[in-house]
Ligand code: NAD
């Protein structure tokens, strides 16, 4: 039996791509899953699929940059499924442009989704993780932030993304220290390129901006530094998140785990 059987997990951006697979993986491990996304229709489809397999899930409409929406969404999740044990802060977008052409609006949007979203959702779930159980001990929990290889290195055209993904390391390490004595562990999972809508959109964009073919974007820009020229998969990332959630102690906390076919090694 998985150690997260019966726990309650919130996954943001879980209507699509990596978040969707994480929701399914945590559900297969026995957690009740809250599918929180801007895209309510997509979130409902994921929740319905999980419920259709006989497990517990619910969809919550949530813009992670909106303080009131995050507070209300978490409150509704707690009311329905119980106090939150796991947060996977995963919602994200990509906007590519060279710095000199990067619109301030886009910069603010990127930082709001990736950093404000991570902060607001963390703050909303912590009271549940810090609350004391009948034994007088804090309930504890696990927070996983979706970073990227771009939490550790830079690429052209991605100033806001690289800045935000580096920033998550700071939030996660601070939470690991503040939460340690109350049983809260915190990590950043850092995937290489994964074929999701977020990446599919970038291939023609980067081809245009860099003046190379789409095949060259894939072969040289996206996979050129991997050990085997292979994309990371949503399953690779979801299994890593599950492992971190199931890990039994704070021997493993405050870490950044890179899942990238060797693109980045540390
Ligand atoms: P995706 O586009 O498939 O899914 C992103 C989801 O986030 C969508 O369902 C979208 O509706 C939701 N979302 C966007 N803005 C939101 C908001 N303000 N509030 C709530 N939900 C919002 O993308 P993905 O590739 O699965 O990316 C998920 C995460 O993984 C992102 O943080 C991304 O930066 C990170 N990541 C992706 C890759 C990759 O190669 N795909 C690599 C490293 C890291």
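Residue numbers (our numbering): 1455 to 1720. C-beta: ideal position from N, C-alpha, C; glycine also. Since the structure is predicted, the reported quantities are computational estimates derived from the model, not experimental observations.
- Placement of the Cβ of residue 1694 at a distance of 7 Å or more from every heavy atom of the ligand NAD is found.
- DSSP links residue 1489 through a beta bridge to 1465, 1513.
- According to the DSSP assignment, residue 1541 belongs to the beta strand (DSSP E) that extends over 1540-1543.
- For residue 1693, the uninterrupted alpha helix (DSSP H) run begins and ends at 1688-1700, by DSSP.
- Judged by beta-carbon spacing, residue 1597 lies within the 8 Å limit of residue 1629, meaning their Cβ atoms are closer than that value.
- Pairing residue 1468 with residue 1489 gives a Cβ-Cβ distance under 8 Å.
- Of the residues 1542, 1719, 1534, 1705, the one whose Cα lies closest to the Cα of residue 1478 is 1542.
- In the DSSP annotation of this structure, the continuous segment of the beta strand (DSSP E) that includes residue 1713 starts and ends at 1709-1713.
- CA-to-CA, the gap between residue 1577 and residue 1529 works out to about 12 Å.
- Going by DSSP, residue 1596 is part of the beta strand (DSSP E) stretching over 1595-1600.
- Around the Cβ of residue 1559, a 10 Å sphere holds fewer than 16 other Cβ atoms; the residue is exposed.
- Around residue 1687, the same chain offers 1648 as residues with beta carbons nearer than 7 Å, after the five sequence neighbours per side are excluded.
- The shortest CA-to-CA distance from residue 1520 to any of 1551, 1574, 1700 is the one to 1574.
- Residue range 1638-1645 is occupied by the beta strand (DSSP E) that includes residue 1639.
- In this structure, the ligand NAD has no non-hydrogen atom nearer than 7 Å to the beta-carbon of residue 1613.
- The stretch 1671-1689 makes no contact with the stretch 1503-1519, as fewer than three CB pairs between them are under 8 Å.
- Between the stretch 1634-1645 and the stretch 1583-1599 there are three or more C-beta pairs closer than 8 Å, enough to call the two in contact.
- Judged by DSSP secondary structure, residue 1481 falls within the alpha helix (DSSP H) whose first and last residues are 1471-1482.
- Ranked by Cα distance from residue 1495, the first of 1481, 1557, 1662, 1470 is 1470.
- Residue 1564 is positioned such that its CB atom lies no closer than 8 Å to that of residue 1472.
- Under the three-state reduction of DSSP, residue 1612 is assigned to strand.
- A heavy atom of the ligand NAD is found nearer than 7 Å to the CB of residue 1647.
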